[in-house]
Amino acid sequence: MFFSDNYLSAASIMMDTILVGGCVIAYFLPRRFGRTVTVLGFMWGVFVVTICDYTIGGHILNFYDSFSSPKYTLMDLIKYLSYAPISFLFIYIYDCFRIHGWKTSAYVLAWSILGVASEWLAVKLNVYEYFLGYSLAFSFPIYLLIQSVSILLFNWLRKD
Amino acid sequence: LALMIFISVAWATLACFTAVPKLTKHDNAFLYLITILFLCNGSWIIIEEMQKIVLSKELADYFAYLVFRTVIIPVGIMICENLRYSGTMKHQKKLVYVFFYSVLFILEWIAVGIGVYQYKGWSSHYSILGVALLHLLIVLVWRCFRYFTRKEVYRDVF
Numbered sequence: 062m063f064f065s066d067n068y069l070s071a072a073s074i075m076m077d078t079i080l081v082g083g084c085v086i087a088y089f090l091p092r093r094f095g096r097t098v099t100v101l102g103f104m105w106g107v108f109v110v111t112i113c114d115y116t117i118g119g120h121i122l123n124f125y126d127s128f129s130s131p132k133y134t135l136m137d138l139i140k141y142l143s144y145a146p147i148s149f150l151f152i153y154i155y156d157c158f159r160i161h162g163w164k165t166s167a168y169v170l171a172w173s174i175l176g177v178a179s180e181w182l183a184v185k186l187n188v189y190e191y192f193l194g195y196s197l198a199f200s201f202p203i204y205l206l207i208q209s210v211s212i213l214l215f216n217w218l219r220k221d
Numbered sequence: 017l018a019l020m021i022f023i024s025v026a027w028a029t030l031a032c033f034t035a036v037p038k039l040t041k042h043d044n045a046f047l048y049l050i051t052i053l054f055l056c057n058g059s060w061i062i063i064e065e066m067q068k069i070v071l072s073k074e075l076a077d078y079f080a081y082l083v084f085r086t087v088i089i090p091v092g093i094m095i096c097e098n099l100r101y102s103g104t105m106k107h108q109k110k111l112v113y114v115f116f117y118s119v120l121f122i123l124e125w126i127a128v129g130i131g132v133y134q135y136k137g138w139s140s141h142y143s144i145l146g147v148a149l150l151h152l153l154i155v156l157v158w159r160c161f162r163y164f165t166r167k168e169v170y171r172d173v174f
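The listed protein sequences correspond, in order, to chains A and B.
Numbering-wise, the first sequence is residues 62 to 221 according to the numbering used here.
Numbering-wise, the second sequence is residues 17 to 174 according to the numbering used here.
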């Protein structure tokens, strides 16, 4: 059922905190981008997690489930939305510190380590459950790839 | 066979996209992202929650389904909208829609015929109707996006 989650579980609270906290931080940050790039920056995170969930997290390649159930619930939607401020903050910090050259690789590496650490916490709190031999180590190259693509996409969108 | 057919159609779709007159890259990026978001969630509800469509257990067939969902349908919708907002003549625009939905119908028919998925109380007509409704929703959301972003341009100018 769509509303069958336990909204007071540690997993739900973690997702709610990321969503609300991320949006509050993004709201109070000084404006750097136009509305177009801002909207696309928020959408990118939701897009990435949606694609991953419905490609390697479901159907026959079911490497993981969220919230201990393959069912589509409200918490799944909140989880997707919680990635929106994260992708925005990723490009915001990248732009804010004018990162370029080898520092870009270091930046992507740092965020990938942060991503794996937060996923480890999410697994501990039962946000994610792995199947078919999948483990946290596999996520690291996925983070590297996705964040590198994010940087390329952001630079392409910003260029007029 | 399914994977070969769908990859070929995906390649043709992308080739068409490179040939059509373009909206801005921001509009195209928005269209692609929003289409994928709606399409993935919608197809999951129909396949896994309602169980009206049963996907094949073969990996190659599954990849064919992914190519259909992730490339052919979104890029097809983008081609339609790029042409609609370009200076192309009115009857040509209508033809593009007819062509796109005809191709979708044929691909649905092929997908079921070669076992990429099977229907359970579902039909190709429902799938096409679903994509058409999704298309409508995407255009509405995209118009909101254009209004929201263009407003900023006007505010900055005046």
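Ideal Cβ placement from N, Cα and C applies to all residues, glycine included.
Beta bridge pairing from DSSP links B:V70 with B:Q134.
In this structure, A:A145 is the residue among A:G83, A:A145, A:Y125, A:R159 with its C-alpha nearest to the C-alpha of A:V109. Straight-line spacing of the CA atoms in A:R93 and B:G137 works out to 51 Å. Rounded to the nearest angstrom, the Cβ distance from B:G131 to B:S72 is 5 Å, consistent with a contact under 8 Å.
Between A:G102 and A:I152, the gap from beta carbon to beta carbon is short of 7 Å. For A:L213, the closest alpha carbon among the candidates A:C113, A:D156, A:F128 is that of A:D156. Taking 3 residues as the minimum length, the beta strand (DSSP E) runs contained wholly in the stretch 84 to 142 of chain A are 125 to 127, in order along the chain. Only buried fits A:M76, as 16 or more other CB atoms lie within 10 angstroms of its CB.
Within 7 Å of the CB of A:F108, the CB atoms of chain B belong to L49, I52, L53, in sequence order along the chain.
By the rule that beta-carbons nearer than 7 Å mark a contact, A:I212 does not touch chain B. Counting along the chain, the unbroken beta strand (DSSP E) around A:E190 starts and ends at 189 to 191. Distances from the CA of A:M136 to each of A:L197, A:N187, A:R219 were compared; the closest alpha carbon is that of A:N187. No Cβ of chain B is located within less than 7 Å of the beta carbon of A:I207. With respect to chain A, the C-beta atom of B:W158 has no partner C-beta closer than 7 Å.
Using a Cβ-Cβ cut-off of 7 Å, B:A76 does not count as an interface residue toward chain A, since no Cβ of chain A sits closer than that to its own. Rounded to whole angstroms, the separation of the alpha carbons of A:T97 and A:L218 is 9 Å.
Contact holds between the stretch 74 to 81 of chain B and the stretch 107 to 122 of chain A, because three or more Cβ pairs, one in each stretch, are under 8 Å apart. Apart from the 5 residues on each side of it in sequence, B:F116 sits with its Cβ closer than 6 Å to the Cβ of G92, C96 in its chain, given in chain order.
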